Each structure stands twice: as C-alpha cells, then as structure tokens.
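Numbering (the UniProt record's numbering), first residue to last: 1 to 592. Notes to accompany the following structure.
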RNA sequence: GGUCCAUUGGUCUAGUUUUGGUUAGGACGCAUCCCUGUCACGGAUGAGAUCACGAGUUCGAGUCUCGUAUGGACCGCCA
C-alpha cells in the first residue's frame, strides 16, 4: 500500500476518494461493534471508523490496536454527520476497508498529549515519544521553517554558505573549549569551535565578501534555561560594510522571518539604544521595553539625606537609584519585599530600601528620612498613590543588576507585559573593555578583534587610557533577550597589535595564539564586520517556549547530561591508550 | 565552586506546616467484560506504591533532623 497523503492533511476535497494513510494510534474509542481511531502523523490527526458489520477483518485489526501502535489503512473519505470543530480534519472521517499493524508499542512512559506535562527528565529519556507531541512537532517545524528562510534570505543577498572546521585549535579567552585528543600527535588536542569567528574573518581576507553559515558552536560552560553547551549560530560576515549596513541587512532577515514564519509585521528600523542608556534606564544590556517601570537616578536628591545608607553611598561615588512599582503598595507585603531583598543579595546588593506611597506621604521603615524629598522623588519616578518605590544604593553594576532584575521579575509577577509584542532593538556603542574582577585584569567586552569607534582610536596611544574606548559593536535584543551580536572587526594589523597590547598580551604571546589571524591582516584584509544570531534562542522566543530545550530535538539537561543516550559516558581503556590519555581521577562505576 | 527548591503506583498529583498514629486518596493511563456515532465516548470490575536512598529522633516517620543521589531554577562562568 502506497501512502496517498499525510493523515493530518486529509481534506474535504477528498470526500468520496480512496486514501491510504499511515501513522500512530493516538486514541481508540471502542463502542462495541464500532471503533473510532484517531490516527496521528506529523501533520495532525484524522478519525478512522471501523464498522464490524461492514468489514469484519479490518474491525478485528482495530480491536487489537492499542495507543501508539503504527498502522496502515486503506479507506474511503466521507463527510461526518456531526463535525468536530476542535479538529482541523473534523468535518471528515475515513471509513476503513483494510488495515494492517506495522509496529506494536509498549504502553508509553507518559501520555502523548500537549496538556499532560511529564517530568522533563522523563521526556528527555524518551525524547522520540516527547517529540510526537503536537507542540514539540510544531516547534521543530518552526525551527525548520526559520532555517529555510535564513538560507533563502542570505542566498538572495549574495551571501555564500561556507563551512568551517569543527576540529580546530584552542584559542585563549572566552569560553572553556571542548577538547578532542589527537591520535596522531601525542599530547596534542583539537578544540571544537566556540564560534567560527576567526575563520569567517579570514574568509573576508580570501575575498568571499559575504558569508553566512548555520554553524554549530561548542562552549564548555555551565548550562542555563537559555544556554546549551552545543548550539547553532546564524553566522554572517560582510566585507566593506558599516555597522549600519550590517544592522540593516539583519533587520531585513528578521522582518522576513517574522512575516513568513509568524505572519507578523515588525516595523524597521529597530530602535538603537546606547549601552550606557540601556544600563541607566533598564539596568540591563538587554533591556525589555515591553513595559515601563524604568530606573531613575536619585543620587543628587539624596546626597545630603539623613538616611546614612543613601548619603554615604553617594559620598563614596556610588549610586542611589529606584523604580516605582505601579500599584505595588497593595500587591507586595513586607514579607514579599524581604524575599526580594534576599534574592538581590546574589548580585552583591547589601539591602533593598522601600517606601509605599500613600495619601499621607511615604510609609515604611525609612519613610521618616525621606519626608522632605517625597515630592521631587515622586516627580522623578512618576510615582503616585498606591505605588511601591524600591531603592538600591550601591556601585553602578550592583545597582543596575539588582534593579534590572527587580524590574523584570515584578513585571512578570504583576502581569505588566502585554502579550504578542515583539520588541526588537539594538544596543550599540559598547565599552571596548571591561574589568574582570575574577582575573583582576581588563578583558575585551565583545572579543579582541572588535574595532573601536574611529573617534576613540586615540585612546590606544601612549599615555592615554584605553579603557575609555568604545567599540563598534552591537547586540540585537528581542523582548529582553540577547539573540545576537556582532561588530566591525579590526582590519589594520597596527590597531590589532595595540588592542592586544592593551589586553596585556606580549607580542610573542599574541603571535603564538593568534599568529594565523595577524598574518591574515598583514596580507590584505578588507574592512569588514558581521553578526551572529543565537538560532536556538531566537526560535525559542518565536515559539513562545520558556526553555531552549523545547526547540532542540535532543538537548542536554541542566547538568550537561543527555538522558536518552546517557552521554557523556566512559570509554574503553583501549580507546584511551590510542589517544595517549590516562585518566587521573578514578571515575565512579558507570551504571547501565 | 556556591544558593534555593523538588522527589508519593506507568504518568500527573493530594496528603508534609499549624496533629507524627490514614486501609497513603484522586485523575489519567493500563487489563478484562458490556456497549453501533464517539471525538476528554460511556458503564462495570480489577491490577498496580518497600512514599528516591541511607542514617537519626520517636512507642510510632510519607510527614521532623542530618547526609547522599537525581532533577529544576539561579549566582559565579558564558570574549
């Protein structure tokens, strides 16, 4: 029997025709001499009817069927007496003349339904069952659709799809590398790429001019809800382009994806926000602009306050900033606020000060210190009666992190985010360098090959402070999530040398680590730049999923384990020997 | 490296505080039987749980304490 069409696509136009369908038994309803089976394939569900009186042989097959059996059927499409409006194929059904069981199935570990959520660990262990669920199938289809648009878009704009190696060499800085031991060279290792960054730059040196690739990237860092050790970038690079041209090209892609994959029109160009402004107003370098509750600086107002925490903070050169939570006075109890205070301590905040705005002025433990300042504070924050004002007094980064977190957490809790908003924006004008507290040194904020603002080049000269410099880099943000970033690259070897020097590399170190790139620069590198999208994260947001695992067919769990295959696993001693490896720590015995 | 939370039949969960003593309850699923217009089919019957593991407190622990494991969220980390 040759299949005539997908079960889920059986249509009214086929009424009176014979069809052959193959798929999974989603549900069997046995009424005695009459059996209904909902047949499911990747496109959806159609109802099969087996009548004992009409066809005894087919009926016996249906009688034997259980959920998740795979069957093939031949039958006649007919209109239903009573349509089911819940189902896309609800106006028709298939009267089965012949049926065969192609595969039997155990009772599945969990029910294949959208509305019954099994524990995620179980879903991952039986991922092929989980992926049968309509929502997961829909996510995979969306992912495939977006990828197809990406290929078509860049192809039509003269970008070349070029593959770069997955076995490459380890480079310092950035994320921890996944290493692959070399069998041929004792003690030598390949590294899996964190991104094809340097290869795509050298493709520009080759004259490729416009490059794109759906590139697999690997970073050996701890996982998060939106971070996997193995992920896909939409990687692009353009010669002779300015930052604005690259952003415009990117906006074109986003516009097309939104239109063709979701049917949504997004207006372009997207807003551009300076990094400094994003931090000041939203406390975040990836601001969510779907709601207000912006942060305001009160340092000038409270610098002489009798509340020593505030005045002392300002005197030390730090900041007192606040948000006004609309209607927050009733919504949040003292206890709730204490919980929030405990939470923001993880960002280094020492406390969370608050007042409630009432008809009689401020209310709360520090209200008495702020009586005289209530009017100007309210005015600056736009606070009114019934609002809750939250203050954080600390260094710039602590204030931003803490208030940025509170702003987003409260918006979610109080349901302040209207649905169906797609707020894309660019964060531009990033600092070139940032201080790493852990290492006690300056590191590249983006990466060491990022070009500075032209007007900031002088900061690299002798006697100037390179850390004042800003970069020609840009991040693309969607609803408070970083979905991509890029920059104009350095194409002048002299500038690259100075930047590496500012980062603390000696000439010898720089040559040892990036020699191949520096040689490329010396051999004629066009001015160029690019951008990389976090494809998985973008699809997650487009799908409305709240975890990146829901748009990756076989993801790792939060501990980096892939529960279906139980990777990572131990290997045979012979394999280790071939690779010239000995394992120092005795690993625990591998179970099943 | 750190913080917090969770773990009860195949699945999801009630029960855990403020009573420490229950036949550990329910829904879905599963099995058998009845049923010819269901679509969350209906009806009847039934099987299925050493309450993650280990120690402790107690006359008595699903419930309290500690530890371990597993999972989830987060901080650090992720140029």
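We put the CB at the ideal spot given by N, CA and C, even for glycine. This structure is a prediction, so every number in the text was calculated from the model and none was measured.
Rounding to the nearest angstrom, what Cα-Cα distance links residue 250 and residue 322 in this structure? 35 Å
Compute the Euclidean distance between the alpha carbons of residue 543 and residue 552, then round it to the nearest angstrom. 12 Å
Any idea if residue 107 is buried or exposed, counting beta-carbon neighbours within 10 angstroms, 16 or more meaning buried? exposed
Over the uninterrupted alpha helix (DSSP H) stretch that includes residue 410, give me the two end residues. 396-413
Thinking C-beta only, is residue 370 closer than 8 Å to residue 377? Yes, they are a contact pair.
How should residue 104 be labelled, buried or exposed, when 16 other C-beta atoms within 10 angstroms of its C-beta is the threshold for buried? exposed
Check the DSSP bridge columns for residue 459 and list the partner residues they point to. For residue 459, which the question treats as bridged, DSSP gives no partner whatsoever.
Local Cβ density within 10 Å of residue 446, reported as buried at 16 or more and exposed below that: buried
Could you say which of 364, 427, 90, 69 lies nearest to residue 279 if we only look at CA atoms? 427
Would residue 184 pass as a contact of residue 218 if the rule is Cβ separation under 8 Å? no
Under 8 Å between the Cβ atoms of residue 470 and residue 457? no
Alpha helix (DSSP H) segments (min. 4 residues) lying fully within the region 16-93: 56-64
Classify residue 313 as buried or exposed, calling it buried when 16 or more other Cβ atoms lie within 10 Å of its own Cβ. By the beta-carbon neighbour count (other beta carbons within 10 angstroms, threshold 16), residue 313 is buried.
Which residues in the same chain have their Cβ closer than 8 Å to the Cβ of residue 315, if we skip the five residues on either side of it in sequence? 303
With distances taken from CA atoms, which of 80, 98, 97 is nearest residue 90? 80
To which residues of the same chain is residue 17 closer than 6 Å at the C-beta, ignoring the five residues directly before and after it? 77
Check residue 213 in the structure and name its three-state DSSP category. strand
Look at residue 480 and residue 532 and say whether their C-beta atoms are less than 8 Å apart. No, Cβ-Cβ distance for residue 480 and residue 532 is not below 8 Å.
Is the region 459-466 touching the region 495-504, taking contact as three or more C-beta pairs under 8 Å? Yes: the two stretches touch, three or more of their Cβ pairs being nearer than 8 Å.
Evaluate residue 306 with the Cβ neighbour count: other Cβ atoms within 10 Å of its Cβ, from every protein chain shown; 16 or more gives buried, anything less gives exposed. It counts as exposed.
Check whether the Cβ atoms of residue 491 and residue 448 sit closer than 8 Å, and answer yes or no. no
Residue ranges of each alpha helix (DSSP H) within the region 478-554, 4 or longer: The region 478-554 contains these whole alpha helix (DSSP H) runs: 493-502, 507-522, 535-543.
8 Å contact criterion, which residue 247 and residue 153 should meet: CB distance rounded: With 8 Å as the limit, residue 247 and residue 153 do not qualify as a contact, their Cβ atoms being about 15 Å apart.
With residue 250 as the anchor, note down where its alpha helix (DSSP H) starts and where it stops. 243-262
How would you call residue 524, buried or exposed, if buried means at least 16 neighbouring beta carbons within 10 angstroms? By the neighbour-count definition (other C-beta atoms within 10 Å, threshold 16), residue 524 is an exposed residue.
How many Å lie between residue 415 and residue 10 at the Cα? 41 Å
Using CA atoms only, rank isn't needed, just tell me which of 97, 229, 430, 266 is closest to residue 274. 430
Is residue 548 near residue 227, with beta carbons less than 8 Å apart? yes
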